[in-house]
Amino acid sequence: MIRINNTQYYHFLQQADVLRQSGSFCDAIISVQSQTFRAHRLVLACASRALAQHLAKGNADSPAHCTLEYFSPHTFQQVLDFTYTQALEVPVKDLQQLLRAAQVLEMQLLEDQCLKQLDSLKAREKDKNGEAVDLTESFSLNDIELSDIRRKGSLRMVFQISFFMQKKEPNSFKSFTT
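Following the numbering used here, the numbering of the sequence shown begins with 30 at its first residue and continues without gaps.
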């Protein structure tokens, strides 16, 4: 799992997420394939330039409707979770799709954090024969990666930064493997 953090306005987002989950004050309806997501125009517009442009076209007195066709409902749920929460944990295999969604939706903060995680994954692992395996070529596990994971027990890439620690220690940005 990759942990990606949204350090902006934690308390505001926390309350907005509670409202979103209860359906309160939701004025945006986003359709992704066969799934519908309710959210707040203001929050979406602040997080995404592309959604801001689309949602601004609607009537302010009625819910804005938007249909997205470029990614899965699963990926859009991750985008919403990132937008409304302080942190998001995603499987390594989802990182490419999340990056693509961030680029399509013009979500610079999410895109930057996905790119940082992908850069950290570019580190080469050596297999038992001394051959290097580039983990970014594919997020589906090959035999070498699988044997390495079995040998280590588990692979968990974590990107962790808390709003508190960032304020207290600006150089506390850490990326590590357990």
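Think of the CB as a built atom: it goes at the ideal place given N, C-alpha and C, for glycine as much as any other residue.
Fair warning: this is a prediction, and the values are worked out from it, not measured in the lab.
Residue burial classification, HIS94 (beta-carbon count within 10 angstroms, cutoff 16): Exposed: under 16 other Cβ atoms inside 10 Å.
What are the start and end residues of the alpha helix (DSSP H) that includes PHE66? Segment 64-68 is the beta strand (DSSP E) holding PHE66; no alpha helix (DSSP H) there.
In or out: ARG49 buried (at least 16 other Cβ within 10 Å) or exposed? Of the other Cβ atoms in all chains shown, 16 or more fall within 10 Å of the Cβ of ARG49; this residue is therefore buried.
Give the DSSP-derived three-state secondary structure of ALA116 in the structure shown. ALA116: strand per DSSP, three-state reduction.
8 Å Cβ cutoff met for LEU124 and ILE58: Against a cut-off of 8 Å, the Cβ pair of ILE58 and LEU124 comes out as no contact.
6 Å CB neighbourhood of GLN64 in its chain, flanking five on each side removed: Once the five neighbours on either side are set aside, the close Cβ partners of GLN64 are PRO102.
Anticipated Cβ contact below 8 Å, THR114 with ASP56, distance rounded: In this structure, THR114 and ASP56 do not form a Cβ contact; the two beta carbons are roughly 20 Å apart against a cut-off of 8 Å.
Between LEU97 and chain B, is any beta-carbon pair separated by less than 8 Å? Note that chain B does not occur in the displayed structure, where there is just one protein chain.
Residue from ARG67, GLN146 and VAL133 whose Cα sits closest to the Cα of ALA79: Ranked by how close their Cα comes to the Cα of ALA79, the residues ARG67, GLN146 and VAL133 have VAL133 in first place.
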